[in-house]
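Down below is the structure, laid out as structure tokens.
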Amino acid sequence: EAGVAQSPRYKIIEKRQSVAFWCNPISGHATLYWYQQILGQGPKLLIQFQNNGVVDDSQLPKDRFSAERLKGVDSTLKIQPAKLEDSAVYLCASSLAGTGANYGYTFGSGTRLTVV
Amino acid sequence: GDSVTQMEGPVTLSEEAFLTINCTYTATGYPSLFWYVQYPGEGLQLLLKATKADDKGSNKGFEATYRKETTSFHLEKGSVQVSDSAVYFCALEPNRDDKIIFGKGTRLHILP
Numbered sequence: 120e121a122g123v124a125q126s127p128r129y130k131i132i133e134k135r136q137s138v139a140f141w142c143n144p145i146s147g148h149a150t151l152y153w154y155q156q157i158l159g160q161g162p163k164l165l166i167q168f169q170n171n172g173v174v175d176d177s178q179l180p181k182d183r184f185s186a187e188r189l190k191g192v193d194s195t196l197k198i199q200p201a202k203l204e205d206s207a208v209y210l211c212a213s214s215l216a217g218t219g220a221n222y223g224y225t226f227g228s229g230t231r232l233t234v235v
Numbered sequence: 147g148d149s150v151t152q153m154e155g156p157v158t159l160s161e162e163a164f165l166t167i168n169c170t171y172t173a174t175g176y177p178s179l180f181w182y183v184q185y186p187g188e189g190l191q192l193l194l195k196a197t198k199a200d201d202k203g204s205n206k207g208f209e210a211t212y213r214k215e216t217t218s219f220h221l222e223k224g225s226v227q228v229s230d231s232a233v234y235f236c237a238l239e240p241n242r243d244d245k246i247i248f249g250k251g252t253r254l255h256i257l258p
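Residue numbers (our numbering), protein chains in the order written: chain Y, 120 to 235; chain C, 147 to 258.
So this is what it looks like as structure tokens:
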């Protein structure tokens with residue numbers, strides 16, 4: 120079974136620039152998550168999708184972050200404009216609908232963003 | 147709100163030593179509890195889980211018991227190996243909710 124694919128693996132941008140990350144979940148996984156992991160901290164949920172609908176985006180900084188999952192499969196997360204404090208690893212995860220973490224999320228390897 | 151607190155790292159042990167990484171949680175309702183591991187250069191992997199009080203999760207020689215009375219889920223291993231060097235995250239899933247709330251992580255170094 121293919122895992123959760125993310126790209127790019129690394130990205131360096133200047134502050135105030137824009138950046139986009141892509142995620143392709145495991146086939147058949149209806150639920151998709153984006154987490155932000157700042158160095159030295161645990162991952163924090165940014166947004167959760169069920170198919171192409173948003174379930175939870177309460178911790179997404181909506182003034183600069185946006186995410187979409189138009190066809191209920193792959194997803195993009197965008198930051199515009201980026202700030203220094205956005206430097207982090209952005210993790211995508213997926214799970215079967217309705218099972219949540221009890222059956223184990225599958226995480227991608229993440230995109231490491233450095234804002235200079 | 148719901149939260150997880152785990153011991154600060156890094157933790158450095160010699161090979162074959164006994165390992166304990168403490169984790170306590172705050173949650174309303176009846177959360178599921180997890181330990182995730184992140185090996186160098188790799189993504190997060192589920193190590194073990196427990197879904198109700200007194201459950202014991204185990205995997206790869208690691209164990210953790212869901213203690214509701216002390217709101218704890220401490221990770222233990224009887225004899226660690228160099229290959230166990232990684233960052234370990236304690237986490238919870240609030241009742242009937244898909245999101246995971248993570249602790250800050252504990253970096254473990256095992257010396258040969």
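Just so you know, even glycine gets a beta-carbon here, dropped at the ideal spot from N, CA and C. These numbers were taken from a predicted model, which means no experiment stands behind them.
Consider the Cβ of residue i: report whether some Cβ of chain Y lies at a distance smaller than 8 Å.
| i | result |
| --- | --- |
| phenylalanine 219 (chain C) | no |
| leucine 257 (chain C) | no |
| isoleucine 167 (chain C) | no |
| glycine 249 (chain C) | yes |
| lysine 245 (chain C) | yes |
| phenylalanine 235 (chain C) | yes |
Can a CB atom of chain C be found closer than 8 Å to the CB of residue i?
| i | result |
| --- | --- |
| proline 180 (chain Y) | no |
| proline 162 (chain Y) | yes |
| phenylalanine 226 (chain Y) | yes |
| leucine 151 (chain Y) | no |
| glycine 147 (chain Y) | no |
| glutamine 167 (chain Y) | yes |
| glycine 172 (chain Y) | no |
| glycine 191 (chain Y) | no |
| aspartate 176 (chain Y) | no |
Below 8 Å on the Cβ atoms is my guess for residue i versus residue j; work out the distance and round it to an integer in Å.
| i | j | result |
| --- | --- | --- |
| alanine 139 (chain Y) | leucine 196 (chain Y) | 7 Å |
| isoleucine 167 (chain C) | glutamine 152 (chain C) | 7 Å |
| leucine 190 (chain C) | phenylalanine 226 (chain Y) | 4 Å |
| valine 228 (chain C) | leucine 159 (chain C) | About 10 Å separates the two Cβ atoms, so there is no contact after all. |
| phenylalanine 208 (chain C) | lysine 223 (chain C) | 5 Å |
| glycine 249 (chain C) | valine 150 (chain C) | 4 Å |
| alanine 207 (chain Y) | glutamine 156 (chain Y) | 6 Å |
| threonine 172 (chain C) | aspartate 148 (chain C) | 6 Å |
| alanine 149 (chain Y) | leucine 215 (chain Y) | 7 Å |
| leucine 179 (chain C) | phenylalanine 219 (chain C) | 4 Å |
In terms of DSSP beta bridges, what is residue i paired with?
| i | result |
| --- | --- |
| glutamate 239 (chain C) | C:Ser178 |
| serine 213 (chain Y) | Y:Leu151 and Y:Thr225 |
| valine 234 (chain Y) | Y:Ile132 |
| alanine 248 (chain C) | The amino acid occupying residue 248 (chain C) in the given sequence is phenylalanine; alanine does not appear at that position. Answer is C:Ala237, bridged to phenylalanine 248 (chain C). |
| valine 150 (chain C) | C:Tyr171 |
| histidine 220 (chain C) | According to DSSP, which records beta bridges pairwise, histidine 220 (chain C) is partnered with nothing at all. |
| serine 126 (chain Y) | Y:Trp141 |
| alanine 232 (chain C) | C:Leu254 |
Is residue i close to chain D? Criterion is C-beta to C-beta, closer than 8 Å.
| i | result |
| --- | --- |
| lysine 202 (chain Y) | Absence of chain D from the displayed structure is noted, the protein chains being Y and C. |
Taking 7 Å as the cut-off, is the CB of residue i close to at least one heavy atom of the ligand ZN?
| i | result |
| --- | --- |
| histidine 255 (chain C) | In terms of ligand content, the structure shown is empty, and the ligand ZN therefore cannot be addressed. |
Every unbroken beta strand (DSSP E) inside the region 153 to 213 of chain C [3 residues or more]
Fully enclosed beta strand (DSSP E) runs of 3 or longer: 157 to 160, 165 to 167, 169 to 172, 178 to 184, 190 to 196, 202 to 205 and 208 to 211.
In chain order, which continuous runs of the beta strand (DSSP E) of length 3 or greater are located wholly inside the region 138 to 176 of chain Y?
Qualifying beta strand (DSSP E) stretches, in chain order: 138 to 143, 150 to 156, 163 to 169 and 172 to 175.
Please list, in chain order, the residues of the region 188 to 202 of chain C that have any C-beta partner in chain Y closer than 8 Å.
Along the region 188 to 202 of chain C, going in chain order, the ones with a CB nearer than 8 Å to a CB of chain Y are Glu188, Gly189, Leu190, Gln191, Leu192, Lys195 and Thr197.
Using a beta-carbon distance cut-off of less than 9 Å, what residues from the region 197 to 215 of chain Y approach chain C?
Of all residues in the region 197 to 215 of chain Y, only Leu210, Ala212 and Ser214 place a beta-carbon less than 9 Å from a beta-carbon of chain C.
Length-filtered (4 minimum) alpha helix (DSSP H) runs lying within the region 176 to 209 of chain Y
When DSSP assignments are scanned along the region 176 to 209 of chain Y, no uninterrupted stretch of alpha helix (DSSP H) that is 4 or more residues long falls wholly within it.
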